[in-house]
Amino acid sequence: MTTRATGTVQPTDDHTHPRTTTGQRPGWRETFTSLRIRNFRLFLIGLFVSSAGGWVQRIAQDWLVLTLTGSATAVGITTALQFLPTLFLGLFGGLIADRFPKRLVLLVTQSSMGLLAAALAVLALTGNVEVWHVYLLALGLGIATAVDNPSRQAFVNEMVGRENVRNAISMVSSTFQLGALIGPAIGGAMIGVVGTGWAFGVNAATYLGSITALLLIRDGELRARAPRRTGVSVRLRDGLSFVASEPAVLWPVVLVGIFGFFTMSLPVTLAAFADSVFRSGAEGYGLLNSVVALGALAGALISARRRHAPRLRNLVTVAAALTVTDVPAAFAPSQWAFLPLLVALGLATLIFLNVAQSMVQLTTPDAMRGRVMGVYMLVFIGGGALGGPAVGWVAEHAGPRISLLLAGLIPAAATLVIAIKLARSGRLRLVLRPVATRSPWRQPPVRLSIEPTPIRLTRDECHGVEAEPGVGVRCPVPGEDRHRGVRPGVEVHRHRPVRRRRAEPRLGVRR
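Laid out in structure tokens, this is it:
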């Protein structure tokens, strides 16, 4: 990959980073490699506590709005207000992450979130809460989240370094999903026993754990931060230009935005299922969210065992698998038939998000990681802000089954369009690969996969070309017959040509 910030050329495989050549799968001990770092362990402890508390509040908040209004659309509006600030402040949140120490930013945002949760708890416990109070506090929480998320995502790299970033992302996802597994169950039980007010109070208290963990992190053990630059407009423009020009960032962001429109609004659909389809109440709503988190936790652990850097073909494949899980869930005849499908939905969702975020993090230079993650979170959470009211309206007027069905069909169509576009542009192609088998008596099966394909250019077109990650750009060499093609193993960059090792034959047993 050619790093645009420095102009250096790094050897790479198809997309986008060096891959290990060993065929052995990592053991479970290597699944938790990033936990050897003290700062990261503290970070995860604080994240788990605040994540569980946040899900307690999410369940209580949605159920409170549904109780006050009886409208799934109102629940969607609450979701939109909580995520809407990311649309307007997400880029500036990324700019703040690049400009100020990320630990300091997180201390400020976590303290603000705790105060907002405490205010909602007081209103609910005193019996003075109204819908507009919930709307206003959800908006305030969204503003804090717009600043918190880019700093949190970029802070992971400072704690663990580039070599452990994918494993760390999986550990963060696992911790968040573990909180999401416990939080909804606790929230649903608390609503039925003591009411929503105490649930908000529990969430406010959990932020003390997150703040304490951040205070215990040692600055001296963090990786060096990139030098700061001045000029707000220039820095924002640089981040947007990098996203638009780098396929390994652009396509994950596009797909995340499409799926975020529906995925971030899934609790709205689940609330409608619990209320009007299964008639299971707040406890059932908490159970549905916990089951999704259980599948997501399994997906995070599976992702943590992966050594190789993800590629576009992995992203498209996982996105296609994710769309398939929504359709049968929409037609589940009972809650017990619905639950296993939610496990599969949570698993596929988490693997997809992990692949997308890993591609973005590993491709982005350190100097602009905060801004790029700001764009990523803007598209993802902003999609939820726009999707919340829309999904809630469909669930209220057409039924939650139709809402969930559309959540599968529309992203499926978008994924197909993107796959066709990548195939036509020459970045992806279908390849039949034999796969090794244990038995010597059977013919090896054939695996269908999507792989990058090289692009051939004329000598005039090659002038000033920089190869994109995952795409072998090959140019004619002086003295070579243009009808015979080009010399194998030559990849052209703007700065200098890089000779790559001869690729393995397409046919034969994959090792």
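Numbering-wise, the sequence shown is residues 1 to 511 according to our numbering.
Glycine included, every Cβ here is placed at the ideal spot set by N, Cα and C.
Shortest Cα-Cα distance from R401 to any of A344, V105, L104 and Q335 involves Q335. Judged by their CB atoms, E396 and S71 are nearer to each other than the 8 Å cut-off. The shortest C-alpha to C-alpha distance from D366 to any of V56, M159 and F48 is the one to M159. With respect to V65, T73 sits apart: the two C-beta atoms are not nearer than 8 Å.
Within the same chain, Cβ atoms closer than 7 Å to the Cβ of Q177 are found at A293, A296, L297, A300 and L350, the five residues on either side in sequence being excluded. Spatial neighbours of G382 in its own chain (CB-CB distance under 8 Å, excluding positions within 5 residues in sequence) are listed in chain order as F83, L84, T86, L87, G90, G257 and G260. M190 sits in a helix when the DSSP states are folded into three classes. The three-state secondary structure of E130, taken from DSSP, is coil.
Leaving aside the five residues that flank A119 on each side, the residues in its chain whose CB is nearer than 7 Å to its CB run, in chain order, L137.
Comparing alpha-carbon positions, the option among A348, F273 and V324 lying closest to I302 turns out to be A348.
Taking Y135 as the centre and dropping the five residues before and after it, the same chain places the C-beta of L81 closer than 6 Å to its C-beta, in chain order. Uninterrupted alpha helix (DSSP H) stretches at least 4 residues long and entirely within the segment 112–168 occur at 131–160, given in chain order. Exposed is the label assigned to P333, since fewer than 16 other Cβ atoms lie within 10 Å of its Cβ. For S151, same chain residues with a beta-carbon under 6 Å away, outside a window of 5 residues either side, are A97, K102, V105 and L106 in chain order.
Excluding five sequence positions before and after G370, the CB atoms of its chain that fall closer than 6 Å to its own CB belong to G94, A97, D98, P150 and A154, given in chain order. Per the Cβ contact rule, the segment 312–325 is in contact with the segment 238–253 (3 or more Cβ pairs under 8 Å).
Following the DSSP letters along the chain, one finds V49 inside the alpha helix (DSSP H) bounded by residues R38 to T69.
When secondary structure is reduced to three states using DSSP, L178 falls in the helix class. Contact between S170 and S50 is ruled out by a C-beta separation of about 19 Å, above the 8 Å threshold.
Annotation for A272: A72, A395 and P400 place their beta carbon closer than 6 Å to its own, counting only its chain and skipping 5 residues before and after. Non-local beta-carbon contacts of L116 in its own chain, meaning distances under 6 Å to residues more than five positions away in sequence, involve L137, G140 and L141 in chain order. For the options L68, I143, V108 and F100, the alpha carbon positioned closest to that of G127 is the one of L68. Here the alpha carbons of R36 and L378 stand approximately 31 Å from one another. Bounds of the alpha helix (DSSP H) holding I258 are P247 to T263. By the Cβ test, the segment 212–223 is not in contact with the segment 319–328, since fewer than three Cβ pairs between them sit closer than 8 Å.
Between the alpha carbons of Y285 and R424 lies a distance of about 44 Å.
The DSSP assignment places no complete run of the beta strand (DSSP E) inside the segment 325–372 (cut-off: 3 residues).
For A199, the secondary structure class from DSSP, reduced to helix, strand or coil, is helix.
In the displayed model, G399 falls within coil according to three-state DSSP, outside both helix and strand. Here L422 is not near I217, since their CB atoms are 8 Å or more apart. Boundaries of the alpha helix (DSSP H) around D98: P85 to R99. With a beta-carbon spacing of about 7 Å, L47 and V172 fall inside the 8 Å limit used to define contacts. Here A146 has P85, T86, L89, G90 and G93 as same chain residues with Cβ atoms under 7 Å from its own Cβ, once five neighbours each way along the sequence are excluded. Of the candidates A52, S112, V165 and S276, V165 places its Cα closest to the Cα of F32.
Distances from the CA of G195 to each of W63, A412, T364 and G374 were compared; the closest alpha carbon is that of W63.
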